[in-house]
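Chains as they are written, first to last, in the working numbering: chain H, 39 to 194; chain V, 369 to 629. Input: a single structure, listed below in structure tokens.
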Amino acid sequence: MTEINSNFIVKEVLPRVTKAAIWGIVTFIVFYYVPMMFIPQDLPENLIQFDYRAQLFNFAMISVFFAVAGQIFSKTIFGCGFGIAKAIIIIVYFFMVSEGGIFKLKIPVEEYTLNFTLDISIILLMIVSVNLLSIAKNLFEAVNILHEKSTKIDLD
Amino acid sequence: MNVTLKMFSIATIIIWIIIILFSVTAVLSVMNLNVETGELQMLPSSKGIIFSLPFSINNGGYYEIADLNLTTLVTDTNGTVFDQTVTFVPSIPQGTHINESHTITIDLDTIMSMDLAPLLLNDSSFNLEIFVELNFARVVPAQVSTNITIPWGAPLADFSIGDITVSSHNITHNEASIPVNFENHAILDMQGRLKLEVYNDSDEYVMSGEKVIAAPSQQTFADRIIAYPRIEESTRLTDTGRVLIVFETPMFIVELWENYD
Numbered sequence: 039m040t041e042i043n044s045n046f047i048v049k050e051v052l053p054r055v056t057k058a059a060i061w062g063i064v065t066f067i068v069f070y071y072v073p074m075m076f077i078p079q080d081l082p083e084n085l086i087q088f089d090y091r092a093q094l095f096n097f098a099m100i101s102v103f104f105a106v107a108g109q110i111f112s113k114t115i116f117g118c119g120f121g122i123a124k125a126i127i128i129i130v131y132f133f134m135v136s137e138g139g140i141f142k143l144k145i146p147v148e149e150y151t152l153n154f155t156l157d158i159s160i161i162l163l164m165i166v167s168v169n170l171l172s173i174a175k176n177l178f179e180a181v182n183i184l185h186e187k188s189t190k191i192d193l194d
Numbered sequence: 369m370n371v372t373l374k375m376f377s378i379a380t381i382i383i384w385i386i387i388i389l390f391s392v393t394a395v396l397s398v399m400n401l402n403v404e405t406g407e408l409q410m411l412p413s414s415k416g417i418i419f420s421l422p423f424s425i426n427n428g429g430y431y432e433i434a435d436l437n438l439t440t441l442v443t444d445t446n447g448t449v450f451d452q453t454v455t456f457v458p459s460i461p462q463g464t465h466i467n468e469s470h471t472i473t474i475d476l477d478t479i480m481s482m483d484l485a486p487l488l489l490n491d492s493s494f495n496l497e498i499f500v501e502l503n504f505a506r507v508v509p510a511q512v513s514t515n516i517t518i519p520w521g522a523p524l525a526d527f528s529i530g531d532i533t534v535s536s537h538n539i540t541h542n543e544a545s546i547p548v549n550f551e552n553h554a555i556l557d558m559q560g561r562l563k564l565e566v567y568n569d570s571d572e573y574v575m576s577g578e579k580v581i582a583a584p585s586q587q588t589f590a591d592r593i594i595a596y597p598r599i600e601e602s603t604r605l606t607d608t609g610r611v612l613i614v615f616e617t618p619m620f621i622v623e624l625w626e627n628y629d
């Protein structure tokens, strides 16, 4: 029994955890460090009254969590569940951050205030579409896993 | 099933790549956009004054800027619209440079047709609203707006008519002295002909006088306008009444009523 457990840990758990850790690190670099490299660091705090660093960090954390969970539970029903949850959370997150696709900023310039409005609803629509596609893919994958398990004949 | 899943994965990856590529190139395009404004020019015209603000846009980005719309709206404190000017640039393709100017024409005839008395007599302010709308890559509409308050100094601020004194001038006429005081709070010097018509409390015409005056900007004007009414006319003068003030300048003529007592 102990041998089976250690075999399971070495052959199944350890590679998955290692892969998940690598994916987590790569995801954090891609979704936090790379965008931060493109954002000018000398932007005055009062110029853009929108905490883009915190929002970027939150998004990176969501991505890291689901990347790690997705890798640990890959090719399982739980993995599909995490995939669907990730898609739903990303849709909700982008809706909340972009205020429904109409992104508004107030930028103080000397004694005046510039009201900046950006209509990113088409990009939001694309993000929603790609995540709906991801939900559909995970549902299909879940059905596929269940189908394979139900039709599998265990000869042992 | 496996083929379907692969297709889903490929489609998802392609759409994510498109979104990320567009977002990155859009940010780079905005960083490569160069907008410059020249000096505001004030030009006289046959109908009034033209304010011209030249500007240039160098679109060094990857996408076209379409439907650029610059609108300025000048209103007074009550919301009365004095001017609304729109400058429209249909398209600025990538890698091109445009030079345009936003021209605001102040038509004095239109302004004179409004009730200007409050603006001539009392300090106030104008509201300048600026809207810039554009369509980035024909996908992302953007708008920038701001609101600027411009103080207005009344050219005839604190206008008052002093005590009218009448003395004998000759057998047929008297000489009346009408003290006039005001402060020119405007940014421009005021020069022109000031004509006064005095009416008594029964609204009967009493006398009139005029004088060419010069009131420098931010200075107090205090002078007397001399009128020579007939003796029988001057007897109609009462302690209270109204004065029709007609101020003629090379640019405009304005008429307003003021009480005397």
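All C-beta atoms, glycine included, are put in the ideal place defined by N, C-alpha and C.
Excluding five sequence neighbours on each side, which residues of the same chain lie with their C-beta closer than 8 Å to the C-beta of residue i?
{"i": "residue 388(V)", "result": "none"}
{"i": "residue 598(V)", "result": "540, 541, 542"}
{"i": "residue 413(V)", "result": "473"}
{"i": "residue 560(V)", "result": "580, 581, 615, 616, 617, 618"}
Kindly indicate which three-state DSSP category residue i falls into: helix, strand or coil?
{"i": "residue 113(H)", "result": "coil"}
{"i": "residue 121(H)", "result": "helix"}
{"i": "residue 185(H)", "result": "helix"}
{"i": "residue 72(H)", "result": "helix"}
{"i": "residue 107(H)", "result": "helix"}
{"i": "residue 430(V)", "result": "coil"}
{"i": "residue 489(V)", "result": "helix"}
{"i": "residue 98(H)", "result": "helix"}
{"i": "residue 469(V)", "result": "strand"}
{"i": "residue 392(V)", "result": "helix"}
{"i": "residue 174(H)", "result": "helix"}
{"i": "residue 446(V)", "result": "coil"}
{"i": "residue 400(V)", "result": "coil"}
{"i": "residue 66(H)", "result": "helix"}
{"i": "residue 559(V)", "result": "strand"}
{"i": "residue 92(H)", "result": "helix"}
{"i": "residue 501(V)", "result": "strand"}
{"i": "residue 567(V)", "result": "strand"}
{"i": "residue 149(H)", "result": "coil"}
{"i": "residue 165(H)", "result": "helix"}
So, at 6 Å on beta carbons, what are the nonlocal neighbours of residue i in its own chain, with the 5 sequence-adjacent residues on each side left out?
{"i": "residue 565(V)", "result": "576, 612"}
{"i": "residue 464(V)", "result": "427"}
{"i": "residue 159(H)", "result": "139"}
{"i": "residue 614(V)", "result": "563, 623"}
{"i": "residue 141(H)", "result": "156, 158"}
{"i": "residue 553(V)", "result": "491, 521, 522, 525"}
{"i": "residue 506(V)", "result": "434"}
Measuring alpha carbon to alpha carbon, tell me which residue in the options is nearest residue i.
{"i": "residue 442(V)", "options": "459(V), 516(V), 502(V)", "result": "516(V)"}
{"i": "residue 151(H)", "options": "512(V), 452(V), 607(V)", "result": "512(V)"}
{"i": "residue 404(V)", "options": "392(V), 390(V), 421(V), 412(V)", "result": "421(V)"}
{"i": "residue 634(V)", "options": "550(V), 537(V), 529(V)", "result": "It is not possible to answer for residue 634(V), since the shown part of chain V is limited to 369 through 629."}
{"i": "residue 548(V)", "options": "570(V), 519(V), 496(V), 627(V)", "result": "627(V)"}
{"i": "residue 74(H)", "options": "59(H), 91(H), 61(H)", "result": "91(H)"}
{"i": "residue 466(V)", "options": "531(V), 433(V), 509(V)", "result": "433(V)"}
{"i": "residue 384(V)", "options": "78(H), 49(H), 171(H)", "result": "171(H)"}
{"i": "residue 596(V)", "options": "546(V), 370(V), 411(V), 523(V)", "result": "546(V)"}
{"i": "residue 162(H)", "options": "175(H), 65(H), 136(H)", "result": "136(H)"}
{"i": "residue 586(V)", "options": "526(V), 374(V), 376(V), 578(V)", "result": "526(V)"}
{"i": "residue 54(H)", "options": "122(H), 97(H), 111(H)", "result": "111(H)"}
{"i": "residue 186(H)", "options": "66(H), 114(H), 169(H)", "result": "114(H)"}
{"i": "residue 500(V)", "options": "572(V), 571(V), 440(V), 390(V)", "result": "440(V)"}
{"i": "residue 572(V)", "options": "578(V), 583(V), 601(V)", "result": "601(V)"}
{"i": "residue 503(V)", "options": "373(V), 425(V), 489(V), 435(V)", "result": "435(V)"}
{"i": "residue 127(H)", "options": "168(H), 149(H), 184(H)", "result": "168(H)"}
Excluding the 5 residues preceding and the 5 following residue i in the sequence, name in chain order all residues of the same chain whose CB lies nearer than 7 Å to its CB.
{"i": "residue 519(V)", "result": "493"}
{"i": "residue 104(H)", "result": "120, 124"}
{"i": "residue 36(H)", "result": "Any question about residue 36(H) goes unanswered here, given that chain H covers just 39 to 194."}
I believe residue i touches residue j by the beta-carbon criterion, under 8 Å. Please report the beta-carbon distance rounded to the nearest angstrom.
{"i": "residue 603(V)", "j": "residue 569(V)", "result": "Actually they are not in contact, since the Cβ atoms of residue 603(V) and residue 569(V) sit about 14 Å apart, beyond 8 Å."}
{"i": "residue 423(V)", "j": "residue 406(V)", "result": "7 Å"}
{"i": "residue 70(H)", "j": "residue 98(H)", "result": "4 Å"}
{"i": "residue 180(H)", "j": "residue 118(H)", "result": "4 Å"}
### Query
Using Cβ-Cβ distances below 9 Å, what residues of the stretch 434 to 461 of chain V are close to chain H?
Across the stretch 434 to 461 of chain V, no CB contact with chain H closer than 9 Å is found for any residue.
### Message
For the stretch 124 to 153 of chain H, list every residue whose C-beta sits within 7 Å of some C-beta in chain V, in sequence order.
### Response
For the stretch 124 to 153 of chain H, the set of positions with a beta-carbon nearer than 7 Å to some beta-carbon of chain V reads 150, 151, 152, 153 in chain order.
### Task
Check each residue of the stretch 509 to 525 of chain V: if its Cβ is closer than 7 Å to any Cβ of chain H, include it; give the result in chain order.
Within the stretch 509 to 525 of chain V, the residues whose Cβ lies closer than 7 Å to some Cβ of chain H are 509, 510, 511, 512, 513, 514, 516, listed in chain order.
### Task
With 8 Å as the C-beta to C-beta threshold (strictly closer), list the residues of the stretch 369 to 391 of chain V near chain H in chain order.
Residues of the stretch 369 to 391 of chain V whose Cβ lies closer than 8 Å to any Cβ of chain H, in chain order: 369, 370, 372, 373, 376, 377, 379, 380, 383, 384, 386, 387, 390, 391.
### Task
Would you list, in chain order, the members of the stretch 168 to 180 of chain H that have their beta-carbon closer than 7 Å to a beta-carbon of chain V?
Correct list: 168, 171, 172, 174, 175, 178, 179.
### Task
Could you run through the stretch 585 to 618 of chain V and flag, in chain order, every residue whose CB is less than 7 Å away from some CB of chain H?
Those would be none; no residue qualifies.
#### Entry: Members of the stretch 92 to 116 of chain H that neighbour chain V once the beta carbon cut-off is set at 8 Å
So the list is empty, because no residue satisfies the distance condition.
### Task
Could you list the residues in the stretch 396 to 408 of chain V with a C-beta less than 7 Å from some C-beta on chain H, going in chain order?
Legend: CB atoms of the stretch 396 to 408 of chain V lying less than 7 Å from CB atoms of chain H are not found in any residue.
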